[in-house]
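Residue numbers (the working numbering): 766 to 1509.
C-beta: ideal position from N, C-alpha, C; glycine also.
What follows is a short report on a single structure.
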């Protein structure tokens, strides 16, 4: 029962193909109302029908039905008796009336739920405004976060619907009250009545014995009467435990549904009474479970709406599908689902809601106990068998959510959930050229093609929606067509990571902690080639946040990069002046390593040595920009080559190990060391063996196709080779070509 999705049709596909000759006409009558409007009008009509029925039944009962005209003290009563007669008929009638009431109540609740989702559903203008403010909105679900981003009028209407939905089930089931009474035929000969003379005689006897009574102390009183009191209590306990009634399932079943029974009245909790105040109090208590379930149902429905949306979203990575839109489908677009959910979900959910509300009304209910023509008391009754069915149904509904959540998605397409930013990111074309008419065709998500400058097509490094042929992403292939650091900066600003990284909840929330850890690793300066935005220092703040956790700062291997955390601490300080970079190089020299297997140690050594060489190269580039002396760096590149020798030796060892069985995955870990070594062009020109190692690793990475950006990186390295110097600024070259590449 999710709300409408006003931007369902927002998907951008390939712009380099003509749409001429395609029929973009609306396949439905544009004069018809939008599907979500029809659903909303239908819900409003259902509410009006129920609204007409309610006063109609009230007027009919007031005119046609008889009622209890007076209380014991002569107060007038407004209650009417629907039926008075056979207990079995009364029980059946009570069950049917409660069922009808809960059907009407569930219809009102569903209509209210749908209206609330329509009010929080964002429009195109709302989405654009939120994105301009670096915020995002939920699409397709009932969202509380959208309330602060939609208009004030819509937020007020949403609040009114919430306030009207609360009393709905809180009072609706109390329209009918079960009355229980016993008829006692009294013979005049056995009629007992207080005798004033007898009462005075007893008082006189007590007054005459006052002088003979003993004044006992507390201890004497305990010694005198304690044994008798304890014995009486023991007999009472024994009687309750041994002489209790039957407790088998058959006895519970015989209590039935919808029947008041003296055995199941709730007494002794000060709930019972015989006034209007007592009636209202018991109405609130009896229908409190209805209110709780109503709010739980909103969340339950939202869970299924999210899972159904994610399942359909993932299906676009498997085969072509036309888009579902909220209004006026064009081309091959389809109407969205009537209640946002597929019928296989929405109908069972509606039936489960009706049954659950009905069983709750049979579990705890109002009972009016009558003596003669006087309302003796109002209290609540309960039925154990109905409570058992409520528990069984609740467990079944919870299990249904759990099983549905365990189902695998059709494809490995990244989950966007209801986040408008994630949906927008999946709709970008690699050339950022808008193509609004692409949404009228069946679309599929995958690796996109684009037109070359000359002729023919080339496979891009970008995944998105397209109505033209696409390639399915391969397992283990790294794809990146857009710069990543602006997105890191945007996420950091949206979630205020500059100020809230040290939240205590970060330690308990594994998902949030892993996401922030991933962002922090991607933000480390040396691990991005052609960085567009400077490092935000997220790794350092993430580690400082760990200092506030129980147990302090974490050690060991970081799961995203596979690098030891203390090694990443050194890399995170890489953007400094020459003096501080010298200190960092010394820190890398002194790093002792961590516990791991031999191959893992070699890989870490390759990164450590590559970090030293990279810091030295960056210093050279910085000094060259300052001095503008062409030969300033030549002597240093011909000087100490021990670090480069060791780096090439470790790369060679890892490359040889990658050709062993089940070790091919380590090849992708050589990207950063390979790039650093390839930039030392003077050294490679003097050491042919080192050049051969670099070429072998490059060819192996190309053959594996696990790093889809290899052609971009290797093209930049070829430019560095043609330049011939060791101060070639590959980062500036990458930025000039609009390229930003992660080397992880």
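Asked                                                                                                                              : Found
Per-residue burial, residue 1234 [other beta carbons within 10 Å of its own, 16 or more giving buried]                             : exposed
Cutoff 6 Å; reference residue 1051; Cβ partners in own chain excluding five residues on either side                                : 1129, 1130, 1131, 1145
Anticipated Cβ contact below 8 Å, residue 904 with residue 1119, distance rounded                                                  : The Cβ separation is near 29 Å, so there is no contact.
Supposed contact pair residue 906 and residue 1092 - C-beta distance, whole angstroms, cut 8 Å                                     : Not a contact, Cβ separation roughly 18 Å.
Proximal residues to residue 1097 (C-beta, below 7 Å), its chain only, five neighbours per side dropped                            : 1087, 1205, 1206, 1207
For residue 1447, three-class secondary structure by DSSP                                                                          : helix
For residue 1084 and residue 1293, the rounded distance between their alpha carbons                                                : 34 Å
Distance between beta carbons of residue 1353 and residue 1373, contact taken as under 8 Å                                         : 5 Å
C-alpha distance - residue 818 paired with residue 812, whole-angstrom precision                                                   : 10 Å
Enclosing alpha helix (DSSP H) for residue 1154 [first to last residue]                                                            : 1149-1171
Distance between residue 894 and residue 1433 (C-alpha atoms, nearest Å)                                                           : 41 Å
8 Å contact criterion, which residue 1418 and residue 1487 should meet: CB distance rounded                                        : With 8 Å as the limit, residue 1418 and residue 1487 do not qualify as a contact, their Cβ atoms being about 29 Å apart.
Through-space distance from residue 1082 to residue 1494, alpha-carbon basis                                                       : 39 Å
Backbone CA spacing between residue 1478 and residue 1110 [nearest angstrom]                                                       : 48 Å
When 809, 1299, 1155 are compared against residue 1127, the one with the closest alpha-carbon                                      : 1155
Host alpha helix (DSSP H) of residue 743 (start-end)                                                                               : As shown, the chain starts at 766 and ends at 1509. That puts residue 743 outside it, with no answer to give.
Minimum Cβ-Cβ distance from residue 1149 to chain E less than 7 Å                                                                  : Of the protein chains in the structure, only one exists, and it is not chain E.
Where residue 1255 falls: helix, strand or coil (DSSP)                                                                             : helix
Supposed close pair residue 912, residue 885 - CB separation, criterion 8 Å                                                        : 6 Å
C-beta atoms of residue 1462 and residue 1420 nearer than 7 Å                                                                      : yes
Alpha-carbon to alpha-carbon, residue 1253 and residue 924                                                                         : 35 Å
Beta-carbon gap between residue 1250 and residue 1192 smaller than 7 Å                                                             : no
Chain-order list of residues whose beta-carbon lies under 6 Å from that of residue 1074 (same chain, five-residue window excluded) : 905
Local conformation of residue 1184 per DSSP, three classes                                                                         : strand
Sequence-distant residues of the same chain with beta carbon closer than 8 Å to residue 1158, five excluded per side               : 1117, 1120, 1121, 1124
Three-state class that DSSP yields for residue 1194 in the structure shown                                                         : coil
Same chain only: Cβ atoms within 6 Å of residue 1260, ignoring 5 sequence neighbours per side                                      : none
Straight-line gap, residue 1031 to residue 1150 (C-alpha atoms, nearest Å)                                                         : 16 Å
Complete alpha helix (DSSP H) runs within the region 1285-1366 (minimum length 4 residues, chain order)                            : 1303-1311, 1330-1336, 1343-1355
Beta-carbon contacts of residue 1337 that lie in its chain and below 6 Å, excluding the five residues immediately before and after : 1289, 1304, 1305
Closest residue to residue 1483 among 1227, 1507, 1440, 1452 (Cα-Cα distance)                                                      : 1440
Start and end residues, alpha helix (DSSP H) containing residue 1113                                                               : 1108-1128
Residue span of the alpha helix (DSSP H) that contains residue 1500, given as start and end                                        : 1495-1501
Of the residues 1190, 1237, 1189, the one placed nearest residue 1210, counting alpha carbons only                                 : 1237
For residue 902 and residue 892, believed in contact at Cβ under 8 Å, the rounded distance                                         : 6 Å
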